[in-house]
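**Q**
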Amino acid sequence: MINKYGDKDKVTYEQQAKIQQEIEAAIAYLFASEDEGLQQALALVRDEGLPQIQISSIQGKLLQLLATACHARKILEIGALAGYSGIWLARALPADGRLISLEINAKNAELIRRTFMHAGVADRTEVRVGNALALLPHLLDEAPFDLVFIDADKQPYPHYLDWALRLTQPGSIIVADNTIAGGAALCAKAERNERQQGLFEYNKRASSDPRLLSLALAIDNNFTDGFTISVVREAPSQTGVANADYA
Ligand SMILES: C[S@@+](CC[C@H](N)C(=O)[O-])C[C@H]1O[C@@H](n2cnc3c(N)ncnc32)[C@H](O)[C@@H]1O
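Each residue of the sequence shown is one higher than the one before, counting from 0 in numbering that gives the first Met the number 0.
1) Taking DSSP as the reference, what is the three-state secondary structure of Leu92?
2) Quick one: give me the first and last residue of the beta strand (DSSP E) that Ile172 is part of.
3) Do you know offhand how far Ala68's Cα is from Leu92's?
4) Name the one or two DSSP bridge partners that Phe148 has.
5) Out of Ala217, Thr124, Thr114 and Arg90, which has the shortest C-alpha to C-alpha gap to Arg97?
6) Thinking Ser56 and Ala27 are a contact (beta carbons under 8 Å), I'd like their distance in whole angstroms, please.
7) Go ahead and label Gly181 buried or exposed: buried means 16 or more other beta carbons lie within 10 angstroms of its beta carbon, across all protein chains shown.
8) Would you say the stretch 124-135 touches the stretch 104-115, given that touching needs at least three Cβ pairs under 8 Å?
9) With the cut-off set at 8 Å, would you say Tyr201 and Ala175 are in Cβ contact?
10) Count the other C-beta atoms from every protein chain shown that fall within 10 angstroms of the C-beta of Glu102, then say buried if there are 16 or more, exposed otherwise.
11) Please give the ranges of any alpha helix (DSSP H) in the stretch 171-241, keeping only runs that are unbroken, at least 4 residues long and fully inside the region.
12) Assign Ser56 to one of three DSSP states: helix, strand, or coil.
13) Phe222: which of Leu62, Gln19 and Tyr159 sits nearest, CA to CA?
14) With C-beta atoms as the reference, is Ala131 less than 8 Å away from Ile218?
15) Rounded to the nearest angstrom, how far is the Cβ of Ile86 from that of Leu146, given a contact under 8 Å?
16) Which same chain residues, not among the five before or five after Ala31, have their C-beta less than 7 Å away from its C-beta?
17) On a CA-only basis, which of Ala118, His158 and Lys153 is nearest Leu134? Give me that one, please.
18) Have a look at Thr167, His137 and Arg194 and flag the residue whose alpha-carbon is nearest the alpha-carbon of Tyr156.
19) Are the Cβ atoms of Leu166 and Pro143 separated by less than 8 Å?
20) Ends of the alpha helix (DSSP H) at Glu125?
21) Assuming Ala81 contacts Asn107 (C-beta within less than 8 Å), just tell me the rounded distance between them.
22) Do the CB positions of Phe148 and Leu88 come within less than 8 Å of each other?
23) Please check the pair Asp224 and Asn177, which I expect to be a contact at CB under 8 Å, by giving their CB distance rounded to whole angstroms.
24) Comparing alpha-carbon positions, which option in Glu21, Leu139, Ile179 and Leu62 lies nearest Gln168?
25) Decide if Arg45 is buried, meaning its Cβ has at least 16 other Cβ atoms within 10 Å, or exposed.
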């Protein structure tokens with residue numbers, strides 16, 4: 000299918016969507032295959048009747064790549080479900096590294112611990128149960144973190160960004176999931192619910208805060224959703240600040 004059309008062929012919307020799906024599947028197959036540990040985390044989500052809202056394998060591999068690139072020794076995850084993204088992150092850590100996953104749901108926390116054990120990363124991971132906004136202030140003593148991954152409830156995303164900035168240092172990476180939301184989290188004129196408003200505010204701040212170098216990447220759900228990735232700068236930017244007005 001991917002090679003079926005020539006440069007000059009008109010491709011319909013359905014054909015385009017199919018091509019995108021095939022490209023996504025090919026990338027996942029080539030670069031982000033799931034071993035038994037990751038598959039077990041997905042099976043647990045299904046078996047326990049949880050919503051299948053974990054990141055994709057491509058996103059997992061990107062998290063792993065970013066954690067490796069910044070030589071992460073300490074990673075913080077906000078919102079962990081059944082541990083799928085946590086496995087990808089923990090596997091980028093050295094043997095004495097640490098992943099702390101915050102999860103509001105105590106039943107999920109038990110699943111996450113099982114998942115981490117099964118995937119062989121229990122020795123470098125810890126799950127803390129509670130509302131992230133209540134748990135985050137207690138992490139100040141354990142900062143700085145080299146990477147923070149934000150994937151919990153969407154409305155407080157701007158607050159999570161504030162905390163991520165407090166808990167990181169120059170060179171650290173902050174990643175937030177679901178920050179495209181079909182365009183609602185990016186386009187000023189889009190109609191938004193409260194959840195999407197939180198995501199929109201997040202992007203507005205991430206793109207204009209001089210302490211950050213950021214980019215939103217549409218890499219999930221047929222390129223309609225994805226991550227906002229930010230690097231904490233060595234020195235605040237004087238120039239090139241993104242358009243905070245969102246024309
Ligand atoms: C999208 S899922 C996380 C998926 C996970 N990061 C993955 O990709 O495998 C969101 C998780 O955040 C948790 N959550 C929601 N609100 C939270 C809060 N205020 N504090 C901590 N966890 C929260 C939910 O219980 C859920 O497990």
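We put the beta carbon where it would ideally sit given N, CA and C, even for glycine. Computed from a predicted model, the values in this text were never measured in an experiment.
**A** Looking at the coordinates:
1) Taking the first residue of the sequence shown as 1, we reach residue 92 at position 93. Residue state, collapsed to three classes: coil.
2) One-based indexing of the sequence shown puts residue 172 at position 173. Segment Thr167 to Asp176, the beta strand (DSSP E) holding Ile172.
3) Your numbering for residue 68 matches position 69 in the sequence shown. Your numbering for residue 92 matches position 93 in the sequence shown. Approximately 11 Å between the Cα atoms of the pair.
4) Position 149 of the sequence shown, counted from the start, is the residue given in the question as residue 148. Its beta-bridge partners are Glu76 and Val174.
5) To locate residue 97, count along the sequence shown from 1; it is residue 98. Nearest of Ala217, Thr124, Thr114 and Arg90 to Arg97, Cα basis: Thr124.
6) Numbered from 1 along the sequence shown, position 57 holds the residue referred to as residue 56. Numbered from 1 along the sequence shown, position 28 holds the residue referred to as residue 27. That belief holds up - the Cβ atoms of Ser56 and Ala27 are roughly 5 Å apart, short of 8 Å.
7) The residue given as residue 181 occupies position 182 in the sequence shown. Under this definition Gly181 is an exposed residue.
8) yes
9) Taking the sequence shown and counting its residues from 1, the one referred to as residue 201 is at position 202. Taking the sequence shown and counting its residues from 1, the one referred to as residue 175 is at position 176. Contact: yes.
10) The count along the sequence shown starts at 1 and reaches residue 102 at position 103. Result: buried.
11) 193-207
12) On the sequence shown, position 57 is the one that residue 56 refers to. DSSP places Ser56 in the helix class (H, G or I) of the three-state scheme.
13) Translated into positions along the sequence shown, residue 222 becomes position 223. Here the closest residue by C-alpha is Gln19.
14) Sequence index remark: in the sequence shown, residue 131 carries index 132 (1-based). Sequence index remark: in the sequence shown, residue 218 carries index 219 (1-based). No. Outside cutoff.
15) For the purposes of this step, residue 86 is taken as residue 87 along the sequence shown, with counting starting at 1. For the purposes of this step, residue 146 is taken as residue 147 along the sequence shown, with counting starting at 1. The Cβ separation is near 15 Å, so there is no contact.
16) On the sequence shown, position 32 is the one that residue 31 refers to. Within the same chain, Ala31 has close Cβ partners Ser56, Ile57, Gly59 and Lys60.
17) In the sequence shown, counting from the first residue as 1, residue 134 sits at position 135. Taking only the C-alpha atoms, the option nearest Leu134 is His158.
18) Within the sequence shown, residue 156 is the residue found at index 157, counting from 1. When only C-alpha atoms are compared, the closest one is Arg194.
19) Indexing the sequence shown from 1 puts residue 166 at position 167. Indexing the sequence shown from 1 puts residue 143 at position 144. In this structure, Pro143 lies closer than 8 Å to Leu166 by Cβ.
20) Your numbering for residue 125 matches position 126 in the sequence shown. Counting along the chain, Glu125 falls outside any alpha helix (DSSP H), though it belongs to the beta strand (DSSP E) covering Thr124 to Val128.
21) Residue mapping note: residue 81 aligns to position 82 of the sequence shown, counting from 1. Residue mapping note: residue 107 aligns to position 108 of the sequence shown, counting from 1. Contact flag correct, Cβ pair sits at about 6 Å.
22) On the sequence shown, residue 148 is found 149 positions in, with the first residue counted as 1. On the sequence shown, residue 88 is found 89 positions in, with the first residue counted as 1. Contact flag set, yes.
23) Mapped onto the sequence shown, residue 224 falls at position 225. Mapped onto the sequence shown, residue 177 falls at position 178. That pair is a contact at about 6 Å.
24) Counting from 1 along the sequence shown, the entry for residue 168 is found at position 169. The shortest Cα separation from Gln168 among Glu21, Leu139, Ile179 and Leu62 belongs to Leu139.
25) The residue given as residue 45 occupies position 46 in the sequence shown. Arg45 comes out exposed.
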